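Participant:
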Amino acid sequence: MMRPLFILIFCALQCLLFIPCSHAQTSSSNEISENCPGGFICMNGKQESCDDIRMKVRDTFKFGDILAGTHCPGGKDQLVNCPIGQVCTNSTSVEPCPSGMFCPHKTSVPEIKCGACGVGSTTKKRPM
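Position 7 of the sequence shown, counted from 1, bears residue number 393 in my numbering, the numbering being contiguous throughout.
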């Protein structure tokens with residue numbers, strides 16, 4: 387019974403988050419003539435704040451903040467997972483992981499201590 391619920395939620399998230407702007411399409415389906423500014427997603431011909439979308443998903447599906455650790459860079463029309471070695475506290479902020487911490491992809495708050503890790507480390511180093 388869990389599988390149909392997962393599929394329903396997955397499809398709803400796709401519809402909510404990954405629909406490109408209809409007004410931005412040109413003759414080529416892969417070419418976009420107008421890009422959304424950072425912190426926004428284009429969908430159905432309008433711009434919507436990524437922070438608002440994040441809160442709508444949290445409040446609608448009640449699974450917690452599943453979009454924490456994502457950001458919306460300028461020139462993209464979808465949420466992007468925060469890369470390894472970075473911290474994304476909101477939809478426009480991408481900062482290096484602090485020294486002494488390791489930040490796997492999709493980090494919104496650094497929580498993994500790593501004494502051997504420098505600023506922005508992309509691997510968790512073991513002390514020698």
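Positions of the beta carbon are idealized from the N, C-alpha and C atoms, including for glycine. It should be emphasised that the depicted structure is a prediction, and the values quoted were computed from it without experimental measurement.
1. Should residue 449 be labelled buried (16 or more other beta-carbon atoms within 10 Å of its own) or exposed?
2. Under the assumption that residue 473 contacts residue 489 (Cβ atoms under 8 Å), give the Cβ distance between them as a whole number of angstroms.
3. Going by the DSSP bridge assignment, what does residue 487 pair with across the sheet?
4. In its own chain, which residues sit with a C-beta less than 7 Å from the C-beta of residue 491, not counting the 5 before and 5 after it?
5. What three-state label does DSSP hand residue 449 in the structure shown?
6. Per DSSP, what kind of secondary structure is residue 507 in: helix, strand or coil?
7. Just to confirm before moving on: does the CB-CB distance between residue 459 and residue 506 stay below 8 Å?
8. Check whether the Cβ atoms of residue 428 and residue 477 sit closer than 8 Å, and answer yes or no.
9. Beta-carbon within less than 6 Å of residue 342's beta-carbon, same chain only, minus the 5 sequence neighbours each way: which residues are those?
10. Once DSSP output is grouped into helix, strand and coil, what is the label at residue 427?
11. State the CB to CB distance for the pair residue 475 and residue 494, rounded to an integer number of angstroms; the pair is presumed to be in contact (CB under 8 Å).
Facilitator: Once the coordinates are examined:
1. exposed
2. 5 Å
3. 499
4. 467, 468, 469, 470
5. coil
6. coil
7. no
8. no
9. With the chain running from 387 to 514 in the structure shown, residue 342 is simply not present.
10. strand
11. 6 Å
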